[in-house]
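Q: One structure, pasted below without further comment.
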Amino acid sequence: MIEVGWVEVPCAFCGGAGRDPFGLMSPLATCQVCGGTGQRILHRPTAPCAFCRGTGVHPGSRNTCTTCDGIGTVEIPAQAIPCPHCGGSGRAADYRWPDSPLSCACCRGKGVVSPSKAQTPGVQHDH
Ligand SMILES: [Zn+2]
Ligand SMILES: [Zn+2]
Ligand SMILES: [Zn+2]
244 MIEVGWVEVP CAFCGGAGRD PFGLMSPLAT CQVCGGTGQR ILHRPTAPCA FCRGTGVHPG
304 SRNTCTTCDG IGTVEIPAQA IPCPHCGGSG RAADYRWPDS PLSCACCRGK GVVSPSKAQT
364 PGVQHDH
């Protein structure tokens with residue numbers, strides 16, 4: 244039974260420090276992901292972001308991860324299962340090397356999908 248509700252997760256992009264980890268503007272610049280609070284509020288259930296492996300950093304860059312928005316944690320569907328298209332890696336099929344810059348179009352980089360989506364492979368559900 245997965246507990247449903249809101250959960251505070253530490254900001255992976257800045258490691259909870261609330262500062263821009265790369266100091267692109269200034270070493271004291273506020274983290275753009277959490278606004279300096281060092282954490283973000285997400286809705287359960289959550290899982291570590293598969294695409295950036297929980298780092299919050301977009302693979303191959305110094306930008307925030309497009310899948311988790313830099314938090315390092317993503318909101319996932321209830322009873323989520325590994326994405327059948329990327330095998331849970333969160334990476335596009337043709338770009339599955341460790342620092343692939345492209346996320347899987349099926350799970351959008353989360354590495355998991357809802358069971359209903361997995362039962363209809365090839366069908367895209369865009370809302
Ligand atoms: Zn932050
Ligand atoms: Zn991510
Ligand atoms: Zn996928």
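Adding 243 to a residue's 1-based position in the sequence shown gives its number in this note's numbering.
Think of the CB as a built atom: it goes at the ideal place given N, C-alpha and C, for glycine as much as any other residue.
In this text, all values refer to a predicted model and were calculated from it rather than measured experimentally.
DSSP on Pro325, reduced to helix/strand/coil?
A: Within the sequence shown, the letter at position 82 stands for residue 325. Reduced to three states, the DSSP call for Pro325 is strand.
Q: Nearest CA to the CA of Tyr309: which residue from Pro253, Arg296, Gly266?
A: Here residue 309 refers to the residue found at position 66 when the sequence shown is read from its first residue. It is worth fixing the name first, because residue 309 is Thr in this sequence and not Tyr. Checking every option, the nearest Cα to that of Thr309 belongs to Arg296.
Q: I'd like the span of the alpha helix (DSSP H) that includes Pro358, first residue to last.
A: Sequence index remark: in the sequence shown, residue 358 carries index 115 (1-based). Its alpha helix (DSSP H) spans residues 358–361.
Q: Answer yes or no: do Arg287 and Val250 have a C-beta to C-beta separation smaller than 9 Å?
A: Counted from its first residue, the sequence shown places residue 287 at position 44. Counted from its first residue, the sequence shown places residue 250 at position 7. Closer than 9 Å, so yes.
Q: Counting along the chain, where does the beta strand (DSSP E) carrying Arg305 start and finish?
A: Indexing the sequence shown from 1 puts residue 305 at position 62. Segment: none, Arg305 is in no beta strand (DSSP E) and carries neither H nor E.
Q: Do Arg334 and Gly313 come within 9 Å of each other at the CB atom, strictly closer than that value?
A: Along the sequence shown, read from residue 1 onward, the residue named residue 313 stands at position 70. Along the sequence shown, read from residue 1 onward, the residue named residue 334 stands at position 91. No, the Cβ-Cβ distance between Gly313 and Arg334 is not below 9 Å.
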